[in-house]
Amino acid sequence: MYKKLLLVMIIFFVFLNISYSEDYITIDSLLPLLQKSPLYSVYKIQYENSLQNYYLSQANLKPNITFQASYNLGETKTIIGSSTTINTTQNTVLSLSYSQIILPFGEAGINLKLAELSLEQAKNNFQINYNDLFLQFLQSIYNLYLAQEKLKIYEESYSLAVKQREVAEKQFENKVINEINLLDYKQREKLAETNYNSAKSNLELAYKSLENLLGTTLPRVPVKIDIKYDEIEDKPEDLLSKLYTNNLSVKNASLELEKSKLNLDKAYLPSWGISFSGNYNTGNASYNASFNTKNYLLSFNTDQTFGDTISSSKESWNIKIQFSIPILDGGSSNINKTQAELSLKQTRINFEKTKKEVELNFWKTYYNLIQAQSVIKQKEIALEQKRLNFEAQKIRYSLGLITDLDLKSYEIEFIQAKYDLEDAILNYNLLRVQLTNLLGNLGGNLL
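Using the working numbering, you'd call the opening residue of the sequence shown number 1 and step up by one each time.
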């Protein structure tokens with residue numbers, strides 16, 4: 001009997017816990033939805049495109065083997081005087097070709113390095129975009145929480161205003177107050193009702209804003225957030241050293257500078273080239289090989305012919321060395337070099353500009369964070385004052401010195417002070433996330 005009762009109680013508590021967890025929206029419960037959101041998918045596709053470009057540059061350095069089969073059918077007519085001779089020929093040719101860049105030098109090697117740098121930039125861009133998306137997500141869920149708490153305050157205020165108006169009407173009937181006082185209470189009620197309806201609209205708008213970001217529909221259940229904060233203790237000088245090392249925008253600007261240097265090297269590649277080639281023929285088979293210093297490409301090809309061919313025991317081979325250099329190119333080579341040099345100068349300027357902009361953004365965020373921390377301390381003092389006042393009014397109420405409506409008014413003031421403190425803490429936490437984004441530490445490795 002006791003075992004059955006214990007089993008029923010366990011099942012009941014498990015069910016209760018599951019239901020409780022589903023009755024709230026939390027940050028952790030929505031994070032999986034964030035990584036399935038439309039914007040996240042767009043950012044992931046952008047990165048994957050860069051990854052495919054990198055693979056393509058790698059593929060150019062891998063062996064390329066091609067097989068080709070052809071069938072030839074022809075006829076030759078020879079007329080000598082009154083005699084006509086017709087020869088019909090048909091054969092099959094099988095060809096096998098192999099080519100590979102054997103040295104990662106020259107243009108192919110530079111393109112591979114450029115692709116590696118571009119892929120690193122794509123990773124950084126993905127992280128930057130995700131950090132911004134996560135910040136928008138936090139802002140949206142914080143707004144939803146604050147709208148929810150604001151609605152509670154306005155609901156309490158409206159309920160209090162209704163009761164105060166009802167009391168005022170009885171006082172007016174008993175001629176305790178005049179009509180002007182009654183109208184004042186009615187006006188307060190109307191204002192409280194307007195604020196209450198506006199708060200309901202704002203709450204629904206906050207839900208829809210979060211839904212739009214996540215790309216899904218959310219249940220209209222309360223938001224639960226652990227409201228706490230940690231005071232910043234790092235010195236700005238220590239944070240600056242991390243900023244220059246880890247900031248993703250600075251990293252990308254540095255990578256762009258490296259790419260400009262590689263493009264300059266590419267523009268100064270020698271325009272002359274040397275190629276080596278040779279072939280060997282025996283019977284119905286032929287072999288060809290070539291190599292050039294332009295892109296360090298080694299090629300090999302063999303053909304085998306079957307069918308109506310003239311077989312021969314003779315063998316032939318030849319080797320050719322070729323040197324080529326452009327004499328007139330219309331000035332394109334010098335133009336490419338000049339453009340690469342100008343691009344490098346511009347990239348250096350942009351790199352320094354990016355560092356200054358990031359540093360300025362850091363100081364703005366840091367000072368706003370310090371100010372937000374001061375606001376929290378002010379709100380904590382104000383909350384403590386309202387709490388002590390509310391406790392004092394409870395004593396007065398127990399002594400019959402104030403009414404329950406007066407006590408409710410002091411309670412609402414205490415709730416409002418608590419809301420103001422939570423608002424200040426959430427604003428501070430958002431600034432902490434912004435600072436963490438600048439230091440390049442948020443999100444971890446998502447790829």
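Think of the CB as a built atom: it goes at the ideal place given N, C-alpha and C, for glycine as much as any other residue.
The shortest C-alpha to C-alpha distance from S271 to any of L255, G331, V162, I45 is the one to G331. Taking 8 Å as the cut-off, the Cβ atoms of L435 and L369 count as close.
For G273, the enclosing beta strand (DSSP E) covers residues 273 to 282.
In the DSSP assignment, the residues bridged to S95 are Q68, D303. Approximately 5 Å separates the beta-carbon atoms of Q322 and S275; this is inside 8 Å, confirming the contact. The secondary-structure analysis by DSSP pairs Q100 across a beta bridge with L298.
A check of alpha carbon separations from Q136 across N427, L439, N441, Q339 identifies N427 as the nearest.
Annotation for K355: the continuous alpha helix (DSSP H) segment containing it runs 332 to 398. A straight-line Cα-Cα distance of about 57 Å links K294 and S29.
For E233, the secondary structure class from DSSP, reduced to helix, strand or coil, is coil. Secondary structure at N131: helix, using DSSP grouped into helix, strand and coil. With contacts defined by Cβ atoms closer than 8 Å, L34 and L214 form a contacting pair. With respect to A289, G273 sits apart: the two C-beta atoms are not nearer than 8 Å. For T354, the number of other beta carbons within 10 angstroms of its own is at least 16, and it is reported as buried. Residue pairing of F291 in beta bridges, as defined by DSSP: F276, L298.
Taken in chain order, the complete beta strand (DSSP E) segments of 3 residues or longer contained in the stretch 39 to 90 are 64 to 80. Excluding residues up to 5 positions away in sequence, T84, I86 lie with their Cβ nearer than 7 Å to the Cβ of K77 in the same chain.
Here the C-alpha atom of E156 lies approximately 51 Å from the C-alpha atom of A122. Between the alpha carbons of E193 and D420 lies a gap of roughly 21 Å. Comparing alpha-carbon positions, the option among S82, S50, L203 lying closest to L112 turns out to be S50. Between K266 and the set L210, L114, R396, A372, the nearest pair of CA atoms involves L114. Rounded to whole angstroms, the Cβ separation of L119 and K259 is 11 Å, and the two are not in contact under 8 Å.
Distance from the Cα of L218 is smallest, within the candidate group D226, K228, L205, D230, for L205.
Partner residues in a beta bridge of A147, as assigned by DSSP, do not exist. Looking at the backbone, the Cα of P326 and that of E341 are separated by about 22 Å. Excluding its 5 nearest sequence neighbours in each direction, L203 has C-beta neighbours in its own chain below 7 Å: A147, Q148, L151, listed in chain order. In the structure shown, Q35 falls within a coil segment according to DSSP collapsed to helix, strand and coil. Setting aside the 5 residues that flank it on each side, S409 is surrounded in the same chain by L160, each with a C-beta closer than 7 Å to its C-beta; the list follows chain order. In this structure, I225 and Y154 do not form a Cβ contact; the two beta carbons are roughly 19 Å apart against a cut-off of 8 Å.
Distance from the Cα of Y207 is smallest, within the candidate group Y142, K228, K163, Y229, for Y142. Per DSSP, F414 lies in no beta strand (DSSP E); the unbroken alpha helix (DSSP H) holding it starts and ends at 404 to 438.
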